[in-house]
Every structure is written in structure tokens, then in C-alpha cells.
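Novice: Here's a structure for you.
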Amino acid sequence: MNPYLNAFLRSIIEAITEFLPVSSTGHLFLFSSFFPFYGENVEFDDLFDIFIQSGAILSVLFLYREKFKSQIVSSFRYILKQNSDSEGLYFLIQICIGAFPILIAGFIAKKFLDTIKARPDLLEILSGAWIFGGVLILVAEWYFHQRPEEKKSIGFKDSILIGIFQCMALIPGMSRSAATIITARFLGKDTKSSAEFSFFLPFRFFLQQEFIN
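Following this line, the structure appears as C-alpha cells:
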């Protein structure tokens, strides 16, 4: 396949799947297993996929730019003792806490994860992860439909638990957003705060992928 067409199709796949609980990385793995960049090594494939995923991360930052900006400004003002509102600082700390487990897991499992993409049973791994994720979403939707939604803020313990379950996204085909949002909802958080917290986490996750690679 023409490398420019290959790059264009990968960007389309990323754009469609990034904000759906279907694992954009898994779909990129699937595409690259059939249509790799010929003449390039596996490291180039991985680097390119990480690069195009940065576009989705930047779109999240743009969408939540006002909240992100206000949280940073509020944090500095609190640190400089210019106000007594610690909410912004706590939110940023929670994002860092939530991102920490996957950083550790990524380092530990890096060699294993590097071999998965080249395994002959990659399609079976992706299929199993997608089926498991689909069943998990259906069960979660049924469960949440049975009880009224509560609006609760995300605490430090919640951040750790959400971060731990985010590690499921290291398995090809497992959706990071599905894992984090469902975990937050099971912890009693409302849909809006669960989704927002999940969307903020990819910014740290992207930086960690760059660091690990």
C-alpha cells in the first residue's frame, strides 16, 4: 500500500475509534498487521501510531482547554497562597495519581507488550479483548440502569483504583476509556465526572508512552 494512503487510513481509524470504547490502539494494531509500512521496522510503526494518537489527545485538551487552564491557574494561586481554593491542585494531583499505575505496569511489561504485535495469534488476542470489553459494557449498562445516578467527586483512592484498572488498556484490544469510565461509575461517580476524568487521563498516558518507548 502507498505509505501516504496508509498514513491517511490510520488517521481515519484513530479519529473514529479514539472516543468510542472500542480501543483505538487495537484497531491500529489490526490494520498494521495487514497493511504495515513496507520498508520500515516495527519501531517506526509503533512511533507513527503514537504520533497520530497525539492528535486525539490535543483535541481533548482543546475541548477542555478552559477547565484545564483554570485548574492550572487555580493551582499556582493556591501554591502561592493567593487564594484558598485547593480544588484545582487536587484535581491535577489526582490525574497524576491515576496515571502512575500504568507507568509502572508499562515498564514492567514492556518486553512482553513489544512481542504481542508480532505474535501469530494477534487476531485471537484482539478478538478476545473486544468480546470481553463488549460484554463488560453491556453488563455495566444494565447494572447502572438499575440504580439512580449519584453525583460524587473523585477522591484520591478513586484515582488510584481508576488508574489500576486503566492498566487493562495495555492489553491490545482493551479500551482505556471503557475501563476507566466503568470503574469510576462502579465507584458511584456520575457519568459526566467519570467521562471528564477519563478524558484528562490520556494526556498523561500519551506522555508515558513516549517516555517508555
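Quick note on numbering: the sequence shown equals residues 34 to 246 in my numbering.
Note that beta-carbon positions come from the ideal geometry of N, C-alpha and C, so glycine has one too.
1. Per the contact definition of three or more C-beta pairs closer than 8 angstroms, is the segment 149-156 in contact with the segment 208-223?
2. Applying the criterion that 16 or more other CB atoms from any shown protein chain within 10 Å of the CB defines a buried residue, is methionine 34 buried or exposed?
3. So, using beta-carbon positions, are leucine 194 and leucine 220 closer together than 8 angstroms?
4. Going residue by residue through the segment 128-184, where are the continuous alpha helix (DSSP H) segments of at least 4 residues, counting only ones entirely within it?
5. For leucine 122, collect the residues of the same chain with a Cβ closer than 6 angstroms to its Cβ; drop the 5 residues on either side in sequence, then sort them by chain order.
6. How far does the alpha helix (DSSP H) with aspartate 191 in it extend, from its first residue to its last?
7. For isoleucine 49, tell me which candidate among Gln86, Ile128, His178 has the shortest Cα-Cα distance.
8. So, serine 210 versus proline 69, is the Cβ gap smaller than 8 angstroms?
9. Give me the residue from Val93, Leu159, Ser231 with the minimum Cα distance to phenylalanine 64.
10. Using three-state DSSP, classify proline 54 as helix, strand or coil.
11. Of the choices Lys102, Gly139, Phe77, whose alpha-carbon is the least far from that of glycine 196?
12. Name the two residues that bound the continuous alpha helix (DSSP H) containing tyrosine 111.
13. For the alpha helix (DSSP H) containing isoleucine 214, name the first residue and the last one.
14. Between leucine 203 and alanine 142, how many whole angstroms is the CB-CB distance? I'm expecting something under 8 angstroms.
15. To the nearest angstrom, how far is the alpha carbon of serine 57 from that of cysteine 200?
16. Under 8 angstroms, do leucine 28 and phenylalanine 84 count as touching if we go by C-beta distance?
17. What three-state label does DSSP hand proline 36 in the structure shown?
18. For histidine 60 and lysine 114, what's the separation of their Cα atoms in angstroms?
19. Would you grab the beta carbon distance between lysine 185 and lysine 222 for me? Rounded to a whole angstrom, and I think it's under 8 angstroms.
Specialist: Well, looking at it:
1. no
2. Position 1 of the sequence shown holds residue 34. With fewer than 16 other Cβ atoms within 10 Å, it is exposed.
3. Within the sequence shown, the letter at position 161 stands for residue 194. Within the sequence shown, the letter at position 187 stands for residue 220. Result yes, Cβ atoms of leucine 194 and leucine 220 sit closer than 8 angstroms.
4. 143-149, 155-178
5. Counting from one through the sequence shown, the residue named residue 122 turns up at place 89. Cβ within range, chain order: Ser108, Tyr111.
6. Along the sequence shown, one-based indexing puts residue 191 at 158. That run of the alpha helix (DSSP H) goes 189-199.
7. Reading the sequence shown from its first residue, position 16 is the one you call residue 49. Closest by alpha carbon: Gln86.
8. The sequence position of residue 210 within the sequence shown is 177, counting from 1. The sequence position of residue 69 within the sequence shown is 36, counting from 1. The Cβ atoms of serine 210 and proline 69 do not sit closer than 8 angstroms to each other.
9. Numbered from 1 along the sequence shown, position 31 holds the residue referred to as residue 64. With distances taken between Cα atoms, phenylalanine 64 lies closest to Leu159.
10. Within the sequence shown, residue 54 is the residue found at index 21, counting from 1. Note: proline 54 maps to coil in three-state DSSP.
11. In the sequence shown, the residue the question calls residue 196 occupies position 163. Nearest of Lys102, Gly139, Phe77 to glycine 196, Cα basis: Gly139.
12. Taking the first residue of the sequence shown as position 1, residue 111 is located at position 78. First-last of the alpha helix (DSSP H) with tyrosine 111: 98-112.
13. As a position in the sequence shown, residue 214 is number 181, starting the count at 1. Start and end: 209-219.
14. Counting from one through the sequence shown, the residue named residue 203 turns up at place 170. Counting from one through the sequence shown, the residue named residue 142 turns up at place 109. Contact between leucine 203 and alanine 142 is confirmed by a C-beta separation of about 6 angstroms, below the 8 angstroms threshold.
15. Residue 57 sits at position 24 when you count from the first residue of the sequence shown. Residue 200 sits at position 167 when you count from the first residue of the sequence shown. Each residue's alpha carbon lies about 15 angstroms from the other.
16. Here the chain comprises residues numbered 34 to 246, so residue 28 is not present and cannot be evaluated.
17. The residue you call residue 36 lines up with position 3 of the sequence shown. Proline 36: helix per DSSP, three-state reduction.
18. For the purposes of this step, residue 60 is taken as residue 27 along the sequence shown, with counting starting at 1. For the purposes of this step, residue 114 is taken as residue 81 along the sequence shown, with counting starting at 1. Approximately 47 angstroms, taken between the alpha carbons.
19. Here residue 185 is taken as the residue at index 152 of the sequence shown, counted from 1. Here residue 222 is taken as the residue at index 189 of the sequence shown, counted from 1. Their Cβ separation, rounded to whole angstroms, is 5 angstroms, which keeps lysine 185 and lysine 222 in contact under 8 angstroms.
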